[in-house]
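*Asks:*
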Amino acid sequence: MPVRITPAVPIQRRGPEHRTSARPGPRAADHAHRAHRAHRPPGPGRPEPAWPPLSRRHTALLLATCAAYLLVLAGVLLNTELVDLDWSVRLLRPYERWPRLEPLLDTWVVAGQRGPSAIAAFAWLAWRAHRLGRLRPLLVMAVALLLLNVTVGAVKIVTGRLGPHYAQYVGSPELFSGGTIFPSGHTANAVVTWGVLAYLAARWRRTGAVIAAATACSIGLTTVYLGTHWVTDVLAGWAAGLLVLLSLPLLEPLVAAAERRLARRFGR
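And the structure:
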């Protein structure tokens with residue numbers, strides 16, 4: 146009986162764009178495994194994942210801010226042209242040249258004072274912490290203010306600089322005279338308080354950063370107008386506050402550990 150042979154049908158090969166699934170390579174699988182471990186919530190007995198390192202841009206900005214802070218400090222200690230700039234503005238007496246601005250700016254500068262600004266910030270962060278069911282917003286602000294007070298307070302005590310209203314010798318940096326004016330705590334506190342709010346913002350973070358920067362800049366300039374700070378005090382205050390903000394990612398593991406301990410203690 147004759148056997149009928151059916152011609153072979155050519156197999157159509159599909160390109161990569163027609164594949165329904167692809168087996169991930171070793172690098173992709175390793176990356177997915179790391180991502181899963183990074184986002185996996187810590188359970189009992191499971192250690193908190195390490196925080197990612199700072200980016201190159203963040204590190205460069207941190208080092209540049211530190212260098213600027215040291216340059217201002219050295220300029221004041223060595224009685225350079227920065228001190229001449231201080232005295233030029235001091236002798237200009239902006240509050241006498243433009244007296245109409247004084248009532249408004251005297252009120253606005255309160256936004257940089259530690260007490261009123263901290264109360265307002267902690268009130269909003271307490272509401273947010275309640276909404277999130279986490280203590281992180283309050284802990285981040287507390288750690289930032291603690292770091293600010295320690296670092297700025299130490300420099301104030303070491304330099305002992307007098308303010309413009311108490312200066313005794315024209316052209317002198319007025320150092321080691323028992324003052325506590327350098328760097329400007331008003332300015333640094335404004336940078337940190339309003340900067341942390343932008344740092345913790347879930348939405349409109351860029352807008353919050355712009356508002357925080359404008360607030361800190363205006364408060365620093367206001368203290369110069371009122372004659373309560375030298376120009377170099379404000380420059381150092383901006384740098385000191387920004388250093389605290391840029392250091393916050395490095396302190397996140399400490400904040401996470403404190404949050405876990407408090408949660409275990411209060412049974413949350």
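Position 22, counted from 1, in the sequence shown is what our numbering calls 167; the numbers after and before it change by one each time, with no gaps. By construction, the Cβ of each residue, glycine as well, lies at the ideal position given by its N, Cα and C atoms.
How long is the line joining the alpha carbons of N224 and A212, rounded to whole angstroms?
*Replies:* In the sequence shown, the residue the question calls residue 224 occupies position 79. In the sequence shown, the residue the question calls residue 212 occupies position 67. Computed Cα separation, rounded: 18 angstroms.
*Asks:* Suppose the cutoff is 7 angstroms on Cβ atoms and the five residues either side in sequence are ignored; what does the same chain contact list for L387 look like?
*Replies:* Residue mapping note: residue 387 aligns to position 242 of the sequence shown, counting from 1. If we look at L387 and ignore the five residues flanking it on each side, its Cβ neighbours are T210 and V336.
*Asks:* Going along the chain, which residues of its own chain have a beta-carbon closer than 6 angstroms to the beta-carbon of S322, five neighbours each way excluded?
*Replies:* Within the sequence shown, numbered from 1, the residue matching residue 322 stands at position 177. So the qualifying residues of the chain are G305 and L307.
*Asks:* Determine the direct distance from the alpha carbon of L215 to that of R185, and round the result to whole angstroms.
*Replies:* One-based indexing of the sequence shown puts residue 185 at position 40. One-based indexing of the sequence shown puts residue 215 at position 70. Low per-residue confidence applies at R185: pLDDT is 43, beneath 50, and the placement is therefore not dependable, though the value from the model is reported in the following sentence. Going from the Cα of R185 to the Cα of L215 covers about 41 angstroms.
*Asks:* Using 8 angstroms as the Cβ pair cut-off and three pairs as the minimum, do the stretch 318 to 333 and the stretch 271 to 285 touch?
*Replies:* Verdict: no, contact absent.
*Asks:* Taking DSSP as the reference, what is the three-state secondary structure of H203?
*Replies:* Translated into the one-based positions of the sequence shown, residue 203 becomes position 58. Reduced to three states, the DSSP call for H203 is helix.
*Asks:* Since S392 contacts N334 with CB under 8 angstroms, what's their CB separation in whole angstroms?
*Replies:* As a working mapping, residue 392 is identified with position 247 in the sequence shown. As a working mapping, residue 334 is identified with position 189 in the sequence shown. Not quite, the Cβ-Cβ distance comes to about 16 angstroms (not below 8 angstroms), so this is no contact.
*Asks:* Can you list, in chain order, the residues of its chain whose CB lies under 6 angstroms from that of E247, leaving out five sequence neighbours each side?
*Replies:* Counting from 1 along the sequence shown, the entry for residue 247 is found at position 102. Result list for E247: Y240, in chain order.
*Asks:* Tell me which same chain residues have a C-beta within less than 6 angstroms of the C-beta of V217, skipping the five on either side of it?
*Replies:* On the sequence shown, position 72 is the one that residue 217 refers to. Only T377, L380 and A381 meet the Cβ criterion.
*Asks:* I believe G372 touches P309 by the beta-carbon criterion, under 8 angstroms. Please report the beta-carbon distance rounded to the nearest angstrom.
*Replies:* Numbered from its first residue, the sequence shown carries residue 372 at position 227. Numbered from its first residue, the sequence shown carries residue 309 at position 164. At roughly 5 angstroms, the Cβ-Cβ gap stays under 8 angstroms, so G372 and P309 are in contact.
*Asks:* Taking the Cβ atom as the reference point for each residue, do A359 and G340 lie within a distance shorter than 9 angstroms?
*Replies:* Residue mapping note: residue 359 aligns to position 214 of the sequence shown, counting from 1. Residue mapping note: residue 340 aligns to position 195 of the sequence shown, counting from 1. Not in contact: A359 and G340 (Cβ atoms no closer than 9 angstroms).
*Asks:* If we count the other Cβ atoms within 10 Å of its Cβ and call it buried at 16 or more, is R179 buried or exposed?
*Replies:* In the sequence shown, counting from the first residue as 1, residue 179 sits at position 34. Reliability of the predicted coordinates at R179 is poor, the pLDDT of 44 falling under 50, and the value obtained from them is presented with this limitation in mind. So R179 ends up on the exposed side.
*Asks:* Straight-line CA distance for A287 to P198?
*Replies:* Walking along the sequence shown from the start, residue 287 turns up at place 142. Walking along the sequence shown from the start, residue 198 turns up at place 53. One C-alpha to the other measures close to 22 angstroms.
*Asks:* Under 8 angstroms by Cβ, that's how I've got A256 and I364 pegged, so tell me the actual separation to the nearest angstrom.
*Replies:* Position 111 of the sequence shown, counted from the first residue, corresponds to residue 256. Position 219 of the sequence shown, counted from the first residue, corresponds to residue 364. Between I364 and A256 the Cβ distance is about 6 angstroms, and since that is below 8 angstroms, they are a contact.
*Asks:* For a test of the three-state rule: what should DSSP assign to H374, helix, strand or coil?
*Replies:* Working through the sequence shown from its first residue, we reach residue 374 at position 229. It is coil, neither helix nor strand.
*Asks:* Taking C-alpha atoms, which residue in V221, A384, A312 and R348 lies nearest to L293?
*Replies:* Mapped onto the sequence shown, residue 293 falls at position 148. For L293, the nearest C-alpha among the options comes from A384.
*Asks:* For the alpha helix (DSSP H) that contains E226, what are its first and last residues?
*Replies:* Stepping through the sequence shown from its first residue, residue 226 is reached at position 81. That run of the alpha helix (DSSP H) goes E226 to L237.
*Asks:* Tell me which residues share the same chain as L270 and place their Cβ nearer than 6 angstroms to its Cβ, disregarding the 5 neighbours each side in the sequence.
*Replies:* For the purposes of this step, residue 270 is taken as residue 125 along the sequence shown, with counting starting at 1. Around L270: P282, L283 and M286.
*Asks:* Quick check on this structure: which residue in R238, S200 and T204 has the alpha carbon closest to the alpha carbon of H374?
*Replies:* By 1-based counting over the sequence shown, the position of residue 374 is 229. H374 has its Cα closest to that of R238, out of R238, S200 and T204.
*Asks:* Which of helix, strand or coil does DSSP assign to F411?
*Replies:* Counting from one through the sequence shown, the residue named residue 411 turns up at place 266. Three-state DSSP puts F411 in a helix.
*Asks:* Should T204 go down as buried or exposed, given a rule of 16 or more other Cβ atoms within 10 Å for buried?
*Replies:* If you number the sequence shown from 1, residue 204 lands on position 59. Counting Cβ neighbours within 10 Å, T204 comes out exposed, since fewer than 16 surround it.
*Asks:* Looking at C-alpha atoms only, which residue of P398, G330 and V389 is the closest neighbour of L208?
*Replies:* For this step, residue 208 is matched to residue 63 along the sequence shown. If we check each option's Cα against that of L208, V389 comes out closest.
*Asks:* So for S329, helix, strand or coil by DSSP?
*Replies:* The residue labelled residue 329 in the question sits at position 184 within the sequence shown. It is coil, neither helix nor strand.
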